[in-house]
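Asker:
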Amino acid sequence: MNNAIGTTGLILNEPLLWEKGKRGRCGISIPKQDVPSADIAPSLSGEGPDFPDLSEVDVVRHYTRLSQWNFGVDTGMYPLGSCTMKYNPKTNERQTQLKGFAQAHPLLPTELSQGALKLMYELEKYLAEITGMDAVSLQPAAGAHGELAGMLIIHAYHTNKGTNRSKILIPDTAHGTNPASAALCGYKSVPVKSSEQGVLSKESIEAAMDEETAGIMVTNPNTLGLFEENIIAISEIVHAKGGLVYCDGANMNAVMGIVNMGDIGVDVMHLNLHKTFSTPHGGGGPGSGPVCVKKHLEPFLPVPRIIEDNGQYVFSEDFPESIGKLHAFYGNFGVMIKCYSYIRSMGAANLKRASQLAVLNANYIKEKLKDVLHLPYDRPCMHECVFSDKHQKSDKITTLDMVKRLMDYGFHPPTIYFPLVVNGAIMIEPTETESREDIDLLIDAFKAIVEEAKTDPDKVRNAPTNCKVQRLDETAAARNPCLTG
Ligand SMILES: *Cc1c(COP(=O)(O)O)cnc(C)c1O
C-alpha cells in the first residue's frame, strides 16, 4: 500500500474563536466617521453577546481549518451501506441557485409560480415512470416520512373499505425505520425471517399472512443488498388475503430503469431523493421522500396535489379521501430541483447505466474481498455487499477495529453491525460514482488491514492513529460532545 490516500498530512489545531479573539481587532474597514456620534436608543443598548474581535484572516482560517476536519464525499470514498453516499454532480446544485427558483416564495399566487409548479408536476411524472407507479406526491421530507405517508395511505385504504386490520409483516432484513413507521400508524409489526439465501420465502409469507394483516413492508433490494426475488409470488399471497404491498424504495439506486415496481406487485412505495437523486446527505440537511402509488391508492395521496388545468398548473385540495397534509407548503423544493436536473441531465439510458455500474462495483468488491473477509451470503448482490469479521475472530480483531484502521488509509468507514441478521456486519456500498482505481485502493486497504490483523494486531486495535482524535468512548462522546477539537 504505497499509494494509499492516507491521512498523514497536516491536521491543524484550531482554538475557539473566543480564545483567538483580541480586543480591538477588526474584520471590516469602513470610512472614518464624519458626523457627530449619537447614543443608541436606550432600548437597543445594554448587554449584548460577548462576540470576540477578529480579523478577516482569523475568521477565514478558522472556518477553512474546521472544514478540513470533515470527511465528505467530495474528499474521498464514503462506502456507507444503505446510504448511497454517491458523488452529486455540482451542476444540479447550481440549478437550485437560479434566481427564479432560489427567490421563489411559497406564498406567491400560482400564476406567478408556473415554472416551479411545472417542475414539480413533471418531476412527479418522471418518478412515476422510473418506479412503474401511477401517481406521486413530493410532499414527504425524508425516507421515513415517505414511509409514514405510505402507511397512512394503507390505513386509509382499509378504513375506506370498512375493514380494520392491525398488523404489518416486516422482514428481518428491512430498514429499521420500517417497523417504526408502522408503529406510528398504530400497526403491530410482525417480524418475518429471511431464508438461508438472505431473501424472503413464499412459505414464510404464506404462514404469516392473514386477514388481520394490512400488508407487508419490503425493503427491496433488502438491507443485505439482495433482490427479493420471490417478490411476485409474495405480492400475490398478500393481495389474495386483501393486504397491500409497501416497498421501501430507498435503495432504488440499484434498480433504476431495470425493475418496474408496479409490475412486481408493489402498491405503494417511497424514494429517497437525497440518496439516489443527487442531493448530498448525512449532515441532517433537507431531504425528500416522495410517495408513489398505483391507481387504486391515488385518492389517498396527501393534499394539496398539483394538477394541470387548461395549461395552468394549480394546487388542488379537492381529494376528499386524502390522508391530508404532511408538510408546510409542498415539501423541500430545493431537493426537487436537484432531482429534476439530475434526471434531465442523465436521461433514461444513463439512469439505467448508473444502476448497472452501482451493482457492478458492489459485486467487484464482493468478489475481490471474499477470500479475506467472511461473506455470509455468497451470491450476486445488488448495490451493496455484506461481510463479517468471522475470519478475524481468531486474531481477536473485530469489525470495529478494522474500520477504524480504514480511516488511517483515508476512507470513511462503511456501515457496521447492520443489518442485524449478520453478526459483526461490514456493509459496503461503493455506488456507481467511484472509479475502478479508487475501488481498488479500498480493496487493497482492506487486504492490508486483514494482513495487519495477523502480523501486527495492536496496530489495528489501536487505530486510528493518523486521525485528529483516536478511539473515543463513543457513548460518552454522543452524550457529552466536546466540540472544541
Ligand atoms: C435511508 C433509508 C431509509 C430512511 O431514510 P431517511 O431519509 O433517513 O428517513 C429508509 N429505508 C432505507 C432502506 C434506507 O436506506
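Here the working numbering is used: the first residue of the sequence shown is 1, the next is one more, and so on.
Beta carbons are placed, not taken as given, at the ideal position from N, Cα and C, and that holds for glycine.
With DSSP as the reference, please indicate the residues paired to D248 in a beta bridge.
Answerer: In the DSSP output, where bridge partners are listed per residue, D248 has T219 and H270.
Asker: Would DSSP call P179 helix, strand or coil?
Answerer: Correct three-state label for P179: helix.
Asker: What are the partner residues of L80, as DSSP defines its beta bridges?
Answerer: L80 is bridged to I428.
Asker: Give me, in chain order, the residues of the same chain whose beta-carbon lies closer than 7 Å to that of G132; leave out the 5 immediate sequence neighbours on both sides.
Answerer: Cβ within range, chain order: N260, M261, G262 and D263.
Asker: Helix, strand or coil: which one does DSSP assign to P109?
Answerer: Note: P109 maps to coil in three-state DSSP.
Asker: Select from D408, L406 and L400 the residue whose C-alpha is nearest the C-alpha of I416.
Answerer: Closest by alpha carbon: L400.
Asker: In terms of alpha-carbon separation, which member of S341, H391, T64 and G289 lies closest to L326?
Answerer: For the residues S341, H391, T64 and G289, the minimum Cα distance to L326 belongs to G289.
Asker: Compute the Euclidean distance between the alpha carbons of C185 and I323, then round it to the nearest angstrom.
Answerer: Spanning the two alpha carbons is a distance of roughly 12 Å.
Asker: For the alpha helix (DSSP H) containing F418, name the first residue and the last one.
Answerer: Unbroken run through F418: none, as it is neither H nor E.
Asker: Whole angstroms are fine: how far does the CA of A240 sit from the CA of N160?
Answerer: Rounded to whole angstroms, N160 to A240 spans 18 Å at the Cα level.
Asker: When the Cα atoms are used, what is the spatial distance from V268 to L54?
Answerer: Approximately 55 Å between the Cα atoms of the pair.
Asker: Going straight from the alpha carbon of A348 to that of L357, what length do you get?
Answerer: About 14 Å.
Asker: Hey, would you say the C-beta of D50 is under 7 Å away from at least one heavy atom of ligand 1?
Answerer: D50 Cβ: outside cutoff for every heavy atom of ligand 1.
Asker: Taking the beta carbon of Y340 as the centre, do at least 16 other beta carbons fall within 10 Å, making it buried, or is it exposed?
Answerer: Buried is the call here.
Asker: What is the rounded straight-line gap between the Cα of E429 and the Cα of T163?
Answerer: Roughly 41 Å between the two C-alpha positions.
Asker: Quick one: what's got a C-beta closer than 6 Å to H412's C-beta in the same chain, skipping five residues either side?
Answerer: F71 and Y78, listed in sequence order.
Asker: N272: beta carbon under 7 Å from a heavy atom of ligand 1?
Answerer: The answer is yes for N272.
Asker: Exposed or buried, Q103, counting other C-beta atoms within 10 Å across all chains shown (16 or more means buried)?
Answerer: Under this definition Q103 is an exposed residue.
Asker: Taking 8 Å as the cut-off, does the segment 73 to 87 touch the segment 275 to 293 (at least 3 CB pairs, one atom from each stretch)?
Answerer: Verdict: yes, contact present.
Asker: For the beta strand (DSSP E) containing P171, list its first residue and its last residue.
Answerer: Its beta strand (DSSP E) spans residues K167 to P171.
Asker: What did DSSP end up calling F277 once you bin it into helix, strand or coil?
Answerer: Coil, per DSSP.
Asker: Measure the alpha-carbon distance for D456 versus N92 and round it to whole angstroms.
Answerer: Rounded to the nearest angstrom, the two C-alpha atoms are 46 Å apart.
Asker: In this structure, how does DSSP classify V73 when only helix, strand and coil are distinguished?
Answerer: Three-state DSSP puts V73 in coil, outside helix and strand.
Asker: Is the segment 306 to 316 in contact with the segment 166 to 183, if contact means three or more CB pairs nearer than 8 Å?
Answerer: Flag = no, the segment 306 to 316 and the segment 166 to 183 do not touch.
Asker: Given A174, which residues of its chain have a CB within under 8 Å of its CB, disregarding the five upstream and five downstream residues?
Answerer: Taken in chain order, the residues that qualify are M217, V218, T219, N222, T223 and D248.
Asker: What I want to know is whether the C-beta of A425 ends up closer than 7 Å to one or more non-hydrogen atoms of ligand 1.
Answerer: No, the Cβ of A425 stays beyond 7 Å of every heavy atom of ligand 1.
Asker: Please state whether DSSP places Y313 in a helix, a strand or coil.
Answerer: Strand at Y313.
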